[in-house]
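Quick notes on the structure that follows.
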Amino acid sequence: MFHIEEVLVFEEMVFDLLVLDEHRGTQKDATAMTAKTKVINSCLNPVWNEELTFHVKEHLGVLRMEVFDRDTFKFDDKMGHAFLDLQPLASSSKLKQALQLTTGETRLRRLTPDRDNCLLADSFITYTNGEIVLEVGLRLCDVESGELYVTVKWIDHPIASDCRKER
Numbered sequence: 004m005f006h007i008e009e010v011l012v013f014e015e016m017v018f019d020l021l022v023l024d025e026h027r028g029t030q031k032d033a034t035a036m037t038a039k040t041k042v043i044n045s046c047l048n049p050v051w052n053e054e055l056t057f058h059v060k061e062h063l064g065v066l067r068m069e070v071f072d073r074d075t076f077k078f079d080d081k082m083g084h085a086f087l088d089l090q091p092l093a094s095s096s097k098l099k100q101a102l103q104l105t106t107g108e109t110r111l112r113r114l115t116p117d118r119d120n121c122l123l124a125d126s127f128i129t130y131t132n133g134e135i136v137l138e139v140g141l142r143l144c145d146v147e148s149g150e151l152y153v154t155v156k157w158i159d160h161p162i163a164s165d166c167r168k169e170r
């Protein structure tokens with residue numbers, strides 16, 4: 004039996020964006036497997052409240068999120084990016100299985116800010132109502148100011164390797 008995992012990313016909000024020109028819309032883009040949120044026009048603190056779903060396999064990487072200032076007649080201006088390592092979520096899923104958790108709420112892992120990540124503050128991966136959840140604030144990189152808040156859910160989908168029925 005092998006697993007395909009699903010990563011749900013809930014785009015929540017961005018704060019403290021700087022105006023790059025007279026067009027102030029922002030657009031977010033998660034790279035590798037790509038998905039885009041709707042454009043929020045004329046707002047320095049946009050709120051998306053959108054759900055993006057990515058199906059990942061064993062070899063995990065980084066969820067990279069980019070924020071753009073949308074321009075109508077020119078190229079969109081990149082306003083910053085943030086990234087989140089997905090490996091702690093995958094290992095928390097394995098920990099949940101090892102602990103045989105079924106109900107309740109349990110903190111599985113603590114993530115702390117350091118020079119190698121974009122975390123704004125300590126964050127916890129929790130097992131809540133049958134889901135592995137990380138609510139996190141991320142500092143936008145390569146920009147003077149900006150914060151991105153997301154909720155990431157890790158969902159395991161077991162798939163049988165042989166679906167044939169015995170006769």
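Residue numbers for the sequence shown follow my numbering, so the first one is 4 and each next one is one higher.
Glycine included, C-beta positions come from ideal geometry on N, C-alpha and C.
Note that the structure is predicted; figures quoted are calculated from it, not measured.
Presumed contact (8 Å Cβ cut-off) between residue i and residue j, rounded CB distance
i: Thr157; j: Ser95; result: Residue identity check: residue 157 is Trp in the sequence provided, not Thr. Confirmed, about 7 Å.
i: Arg112; j: Ile128; result: 4 Å
i: Val70; j: Leu151; result: 7 Å
Residue(s) in a DSSP beta bridge with residue i
i: Cys144; result: His84
i: Thr115; result: According to DSSP, Thr115 bridges with nothing at all.
i: Leu122; result: Leu141
i: Phe127; result: Arg113
i: Phe104; result: In the sequence under discussion, the amino acid at residue 104 is Leu, which differs from the Phe named in the question. Answer is none; Leu104 lacks a bridge partner.
i: Glu89; result: Correcting the residue identity first, residue 89 is Leu in this sequence and not Glu. None, per the DSSP bridge assignment.
Selected residue, minimal CA-CA separation from residue i, among the options
i: Ala85; options: Gln100, Lys99, Val65, Leu92; result: Val65
i: Gln90; options: Ala38, Ile135, Leu123, Cys46; result: Ile135
i: Asn48; options: Arg67, Met82, Leu92; result: Met82
i: Thr42; options: Arg67, Thr75, Thr56; result: Per the sequence presented here, residue 42 reads as Val, with Thr not at that position. Answer by Cα proximity: Thr75.
Close beta carbons around residue i, own chain, < 6 Å, minus the five adjacent residues each side
i: Arg110; result: Phe127, Thr129
i: Arg118; result: none
i: Thr131; result: Glu108
i: Ala38; result: Leu55
i: Asp24; result: Per-residue confidence for Asp24 stands at a pLDDT of 35, beneath the threshold of 50, marking its modelled position as unreliable; the derived number appears in the next sentence. Here the set comprises nothing.
Pair within 9 Å by beta-carbon distance, residue i and residue j
i: Asp159; j: Gln100; result: yes
i: Thr106; j: Gly149; result: no
i: Leu92; j: Val153; result: no
i: Asn120; j: Leu98; result: no
Beta-carbon contacts of residue i that lie in its chain and below 8 Å, excluding the five residues immediately before and after
i: Ala124; result: Pro116, Gly140
i: Leu114; result: Pro91, Asn120, Leu122, Asp125, Ser126, Phe127, Ile128, Leu137, Val139
Close-in-space but distant-in-sequence residues of the same chain around residue i (CB under 7 Å, 5 per side omitted)
i: Asp145; result: Gly83, His84
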